[in-house]
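Protein chains in written order, with the working numbering: chain Y, 167 to 580; chain U, 115 to 602.
To start, the structure under review is shown below, and the notes come after it.
Shown next, in the form of structure tokens:
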């Protein structure tokens with residue numbers, strides 16, 4: 167189950183899950199993604215909404231840009247689309263992390279109660295990772311790729327004007343200056359804060375339940391994430407010891423004659439085991455960890471979404487009260503009431519959509535991890551397998567060896 | 115028996131599928147007991163047993179006949195390469211085991227209360243079956259570790275040319291964190307019990323040591339054994355032998371074979387110690403990896419409580435994670451057998467080195483005797499011819515202060531002649547002693563080398579089988595977990 171980048175274009179067997187967090191390396195281009203998608207169409211599962219998918223995006227090719235003021239990384243964003251809203255069918259632009267942040271905040275503003283897939287985190291100075299470390303850049307690139315594709319998959323978000331601008335405009339800078347300015351955003355935040363101090367009059371049962379779930383889910387995701395990181399740490403320490411263990415057998419073999427063969431045999435088995443453990447660690451780091459991490463961030467996103475929904479309701483309730491003291495007019499209150507209705511519906515719809523993709527993503531990541539572990543044990547057990555041992559048995563006892571033959575137990579693999 | 119055989123064959127990966135998940139591998143030690151039991155049973159088509167009947171009571175070694183056409187019983191017997199392959203007279207007579215361990219309290223040498231462990235030695239005549247078909251009740255006696263030590267010291271002194279099998283360690287070494295270093299810990303006591311049984315069986319299967327009477331009494335006479343040992347007077351020899359281990363002397367013409375052997379045993383000691391140390395660390399780390407997965411079990415269980423569709427899959431996956439975490443205990447316990455097998459040979463190197471040192475002492479004494487003799491001969495020659503070749507104070511004084519009388523000289527020569535005669539006798543004796551030592555020692559060294567090759571090769575094979583078994587368990591658990599995740 168270890169796919170190589172080159173294999174993907176000629177892939178004949180396809181995983182039924184189209185979730186991009188399933189750990190397979192990124193396709194080379196939107197073209198191959200289209201091909202993959204067409205193959206996937208044969209499969210039934212979880213194609214909801216994706217049947218209408220007509221925007222395919224890839225994020226790749228990180229490059230660093232050095233200017234007088236700063237150094238930053240840009241990523242190439244390639245889009246292939248058949249959507250009629252787009253003037254052309256192919257676009258290629260370069261974007262930096264800030265641009266993604268801009269897109270996210272625009273989307274949050276326009277669709278406050280939709281659940282937007284999280285962006286990878288901003289660089290944290292105190293963390294061990296260097297900003298321009300290759301692993302960091304690669305992890306971020308994959309996460310950015312997922313981010314854009316989730317939006318492209320989303321029936322509502324994919325139609326966002328800002329999304330289109332992001333994908334198509336050569337220069338994003340002029341567009342970034344348009345739109346609600348800093349001040350208006352400030353005032354909205356102030357209003358939200360004021361409202362949250364007041365508290366909500368009444369909260370629909372379903373949203374209370376949702377809130378509780380979100381809090382629990384956040385806890386669980388953090389726990390699973392922590393446990394997974396600890397497992398990786400333990401694996402690493404185990405591998406380090408194995409690296410010292412193997413050579414000891416070879417050292418012993420040097421002072422032996424007849425025992426040299428079996429000793430070297432065991433020594434090389436231990437070495438193989440250590441290599442496999444390394445691969446196991448890599449797999450965990452590339453598949454399970456990023457997925458869990460994203461869902462930890464998702465939990466925060468959900469909390470923010472719940473908060474925004476509450477604010478919208480709070481704003482309405484505030485104005486509604488003011489209606490009694492005639493400091494505001496009915497029209498405004500009606501608008502706000504509509505807004506509440508819209509927000510709630512949007513959240514409801516997106517909630518089930520999110521639940522489905524969450525289930526698919528995590529399921530796929532766990533399955534992949536379990537499969538990798540099975541693979542690990544199969545490989546290790548194979549190295550300890552007969553061909554080296556058979557030779558040893560032969561020396562130990564002719565009868566043991568002859569029994570081997572007689573029982574025809576030599577497996578064809580060896 | 116056939117159970118073990120099938121397990122041995124399960125070296126084949128494909129065959130693994132048919133193996134029961136819990137692969138309890140009988141250690142070398144318990145294999146020996148089975149081996150003895152089987153050699154008692156299969157008297158009909160085993161050619162060796164015919165020789166048993168013919169040679170009962172003799173101490174000759176019985177050679178193993180490797181037949182080309184192999185019956186299944188014969189191949190089973192040949193398969194299990196143990197020290198019992200060459201049946202000794204003692205083993206033909208009786209079965210030996212260390213069946214139990216128990217705690218006692220008593221006063222020690224400084225009259226203080228102490229708690230110590232005693233071990234039950236069981237002996238029963240071979241091929242003993244009572245009327246009902248069950249084995250007859252064994253003779254038993256209790257021994258404590260210090261008595262085993264006394265036995266071994268006695269053997270070391272009495273048979274200096276023999277590589278005497280080592281005792282299991284007195285204190286737990288190469289311990290990884292889960293293992294206890296406490297002497298009274300039940301696991302440690304159990305492993306020591308097995309080690310002591312192994313020790314006795316090694317002795318019982320040794321062509322020379324198995325015939326020793328003190329050893330026989332150790333197995334059969336509970337009281338009065340200590341006195342019997344002391345009566346042999348081995349302590350005196352012990353004192354003189356002790357100096358061989360600590361004295362600094364140089365041998366002029368060391369025997370190359372012994373030197374090589376000494377270096378080999380030093381290398382072996384170093385490398386096995388290192389191996390054991392690192393293995394303990396690896397065991398520790400592996401323990402950590404497995405145990406951490408128990409946290410998955412806990413978290414998945416909690417998480418499943420808040421999920422609807424995913425709940426069942428998560429919950430059952432969590433159980434498998436718990437199973438996985440728990441499985442490491444048995445796995446590592448089995449690996450301790452492997453460590454014990456290596457430890458035995460680590461301790462064996464000490465015995466090998468001790469034989470080499472004893473040989474050095476004999477060689478040294480031989481050289482000294484020869485040197486002494488040649489000196490005396492030269493003295494005699496000088497006296498006879500009147501020339502002074504060897505500087506001596508007497509020679510000087512006689513030169514300065516006048517010669518001795520003819521009478522004096524003749525009496526001196528006579529005394530020297532006697533001394534020379536004694537010296538020649540001593541030299542002859544030493545030579546004979548040395549040759550005997552060398553012959554017997556190399557005999558035993560060759561026997562030991564063969565035994566070592568077989569035992570260690572088996573240990574390595576069984577280690578590999580253990581690893582495969584561990585992998586098999588891992589495959590099962592993670593396949594099950596994968597199924598559960600599929601149901602999420």
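Just so you know, even glycine gets a beta-carbon here, dropped at the ideal spot from N, CA and C.
Asked	Found
Interface residues of the segment 378 to 389 of chain Y facing chain U [CB-CB below 9 Å]	378, 379, 382, 383, 385, 386, 387 and 389
Secondary structure of residue 229 of chain U, DSSP reduced to three states	strand
Check whether residue 426 of chain U and residue 601 of chain U have beta carbons under 8 Å apart	yes
Assigned secondary structure, residue 220 of chain U (DSSP; H/G/I helix, E/B strand, else coil)	strand
Cβ pair residue 509 of chain Y, residue 475 of chain Y closer than 8 Å	yes
C-alpha distance - residue 589 of chain U paired with residue 538 of chain Y, whole-angstrom precision	10 Å
Assigned exposure category for residue 367 of chain U - 16 Cβ within 10 Å defines buried	exposed
Helix, strand or coil at residue 226 of chain Y [DSSP, three-state]	strand
DSSP state of residue 343 of chain U mapped onto helix, strand, coil	helix
Beta strand (DSSP E) segment containing residue 246 of chain Y, residue limits	237 to 247
Within-8 Å CB hit, residue 418 of chain Y to chain U	yes
Contact check, residue 380 of chain Y vs residue 310 of chain Y, beta carbons under 8 Å	no
Option in U:576, U:350 and U:423 with minimal Cα separation from residue 270 of chain U	U:350
According to DSSP, residues forming a beta bridge with residue 232 of chain Y	Y:237
For residue 278 of chain U, three-class secondary structure by DSSP	coil
Residue 424 of chain U (DSSP reduced to helix, strand or coil)	coil
Minimum Cβ-Cβ distance from residue 462 of chain U to chain Y less than 8 Å	no
Within chain Y, the residues that residue 593 of chain U reaches when beta carbons sit closer than 8 Å	536 and 540
Local conformation of residue 408 of chain Y per DSSP, three classes	helix
Whole-angstrom C-beta distance between residue 414 of chain Y and residue 454 of chain Y, which should lie under 8 Å	Contact flag wrong, Cβ pair sits at about 33 Å.
Proximity of residue 334 of chain Y and residue 411 of chain Y at Cβ, strictly below 8 Å	no
C-alpha distance - residue 463 of chain U paired with residue 402 of chain U, whole-angstrom precision	33 Å
Strand pairing of residue 256 of chain U, partner residues [DSSP]	U:234
Buried/exposed call for residue 301 of chain Y, threshold 16 Cβ in 10 Å	exposed
Cβ-based burial, residue 226 of chain U [other Cβ within 10 Å; buried from 16]	exposed
Beta-carbon spacing of residue 465 of chain U, residue 280 of chain U below 8 Å	yes
Distance, residue 431 of chain Y Cα to residue 314 of chain U Cα	32 Å
Whole-angstrom distance between residue 265 of chain Y and residue 232 of chain Y, CA atom to CA atom	17 Å
Where residue 312 of chain U falls, given that 16 or more other Cβ within 10 Å makes a residue buried	buried
Residue 146 of chain U to residue 392 of chain U span [Cα, whole Å]	The predicted position of residue 146 of chain U is uncertain, since its pLDDT is 37 and thus under 50; a value taken from the coordinates is nonetheless stated next. Taking the straight line from one Cα to the other gives about 29 Å.
Beta-ladder partner(s) of residue 239 of chain U, from DSSP	U:208
Proximity test, Cβ basis, 8 Å: residue 420 of chain U and chain Y	yes
Amino acids of chain Y, ordered along the chain, whose beta-carbon sits closer than 7 Å to that of residue 388 of chain U	414
Residue 341 of chain U classed as buried or exposed, judged by whether at least 16 other C-beta atoms fall within 10 angstroms	exposed
Assigned exposure category for residue 470 of chain U - 16 Cβ within 10 Å defines buried	buried
Beta-carbon contacts of residue 464 of chain Y that lie in its chain and below 6 Å, excluding the five residues immediately before and after	284
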